[in-house]
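So the structure is just underneath, and the comments pick up after that.
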Amino acid sequence: MSSWFAEGTVTVTNGNAVVTGVGTKFSNCRSGDMFVGPDNGIYQVINPSSDTSVSISPAYRGATSAGAAYGIVPVNGYPKALADAVNLMVQQWGATLAGLGTVSTENVVPVAKGGTGGTTQAAARSGLGLGTAAVATLGTATGNAMPVGAFGLGAQSAPVSPGTFLVGFSVTSGGDASQTPSTGSGGSRITMNTGGLLFNEIVIAANSATSPTLGYRQFNSNGVPGPWNVVYTNQNTTRAQDGTLKAI
């Protein structure tokens with residue numbers, strides 16, 4: 001059974017609804033509890049504002065008294081308040097909890113029930129069927145996953161200085177005669193590595209819309225480029241009467 005609160009003493013004033021305590025623990029009571037005053041009258045606790053102050057209703061009817069004994073009786077309304085609070089929670093969350101179904105009893109929720117099937121990152125990735133690309137770093141270093149624009153793929157490229165030895169697609173600078181088979185004209189470039197500092201380059205110079213110059217060259221084992229080899233086409237050659245090709 002609930003115990004009475006009777007710790008300390010109280011001061012009550014006729015016609016005043018505030019009870020002041022000394023050595024009391026009014027914070028242990030609740031609104032709705034029963035306050036039994038020094039006059040043996042019964043009052044309702046309205047607001048236990050602190051350990052030493054509590055409001056009652058109606059205002060104190062007995063004679064003014066200081067250092068008097070009192071009692072506070074806990075009311076059996078607490079179970080109802082608890083039941084009301086639980087009922088409200090069930091109404092608010094009951095459908096959601098019911099919708100969880102058997103998931104609520106799973107220690108590890110499988111993929112089939114909307115989980116990952118794992119308790120670690122690796123196990124979760126495995127359960128979801130993710131490969132090593134799921135944890136790969138985007139970039140152009142060895143082992144990276146290439147983003148759009150890596151090595152000039154799928155994005156507009158900026159000119160690459162000679163001697164950087166970047167395998168992939170790039171553009172050449174027309175202002176650097178060493179980068180293009182047509183002096184003064186930039187162009188598009190494909191660079192391939194054949195081992196060490198041995199590279200092959202193919203460049204299409206942007207020197208003509210109808211007859212662009214196509215050239216290729218190779219770098220030696222020291223990374224030094226050889227001369228450009230220009231490809232002759234029907235746009236930059238003509239056939240003489242003797243059947244030989246002549247440059248235009």
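First residue of the sequence shown: 1, per the working numbering; consecutive thereafter. All C-beta atoms in this analysis are idealised placements derived from N, C-alpha and C, irrespective of residue type, glycine included. All values reported here derive from a predicted model rather than from experimental measurement.
Asp-39 versus Val-18 - alpha carbon distance: As a working mapping, residue 39 is identified with position 39 in the sequence shown. As a working mapping, residue 18 is identified with position 18 in the sequence shown. Approximately 15 Å, taken between the alpha carbons.
Report, in whole angstroms, the separation of the C-beta atoms of Pro-181 and Ala-205, which I expect to be a contact under 8 Å. Position 181 of the sequence shown, counted from the start, is the residue given in the question as residue 181. Position 205 of the sequence shown, counted from the start, is the residue given in the question as residue 205. Taking the Cβ atoms as the reference, Pro-181 lies roughly 6 Å from Ala-205, within the contact range of under 8 Å.
Proximal residues to Ser-208 (C-beta, below 6 Å), its chain only, five neighbours per side dropped: Here residue 208 corresponds to residue number 208 of the sequence shown, with the count starting at 1. So no residue of the chain qualifies.
Specify whether the stretch 84 to 97 and the stretch 33 to 52 touch according to this definition: at least 3 beta carbon pairs, one from each stretch, less than 8 Å apart. Contact between the stretch 84 to 97 and the stretch 33 to 52 is absent, because fewer than three Cβ pairs lie under 8 Å.
Pairwise C-alpha distance: Leu-138 and Val-148: The residue you call residue 148 lines up with position 148 of the sequence shown. The residue you call residue 138 lines up with position 138 of the sequence shown. Taking the straight line from one Cα to the other gives about 10 Å.
So if DSSP puts Pro-79 in a beta bridge, which residue, or which two residues, is it bridged to? The count along the sequence shown starts at 1 and reaches residue 79 at position 79. Its beta-bridge partners do not exist; DSSP assigns none.
Could you spell out where the alpha helix (DSSP H) holding Ser-50 opens and where it closes? Start at 1 with the first residue of the sequence shown, and residue 50 comes out as number 50. Note, Ser-50: premise wrong, no alpha helix (DSSP H); beta strand (DSSP E) at 42 to 50.
DSSP state of Met-89, grouped into three classes? If you number the sequence shown from 1, residue 89 lands on position 89. Three-state result, Met-89: helix.
Determine contact between the stretch 55 to 71 and the stretch 7 to 17, defined as no fewer than three beta-carbon pairs at a distance below 8 Å. Inter-segment contact for the stretch 55 to 71 and the stretch 7 to 17 is present: three or more beta-carbon pairs are separated by less than 8 Å.
Provide the residue span of the beta strand (DSSP E) that contains Ser-27, from first to last. Reading the sequence shown from its first residue, position 27 is the one you call residue 27. Unbroken run through Ser-27: none, as it is neither H nor E.
Separation of Thr-194 from Ser-211, as counted between CA atoms: Here residue 211 refers to the residue found at position 211 when the sequence shown is read from its first residue. Here residue 194 refers to the residue found at position 194 when the sequence shown is read from its first residue. Cα to Cα, the separation comes out at about 30 Å.
Whole alpha helix (DSSP H) elements within the stretch 101 to 138, 4-residue minimum: Correct list: 121 to 127.
Near Leu-197, which residues of its chain fall below 8 Å by C-beta distance, leaving aside the five closest residues on each side in sequence? The sequence position of residue 197 within the sequence shown is 197, counting from 1. Excluding five sequence positions before and after Leu-197, the CB atoms of its chain that fall closer than 8 Å to its own CB belong to Phe-165, Phe-219, Asn-220, Ser-221, Asn-222, Gly-223, given in chain order.
Less than 8 Å between the C-beta atoms of Gly-8 and Gly-21, yes or no? Taking the sequence shown and counting its residues from 1, one reaches residue 8 at position 8. Taking the sequence shown and counting its residues from 1, one reaches residue 21 at position 21. For Gly-8 and Gly-21, yes; Cβs fall inside 8 Å.
Taking just the CA atoms, how far does Trp-4 sit from Ile-56? As a working mapping, residue 56 is identified with position 56 in the sequence shown. As a working mapping, residue 4 is identified with position 4 in the sequence shown. Computed Cα separation, rounded: 16 Å.
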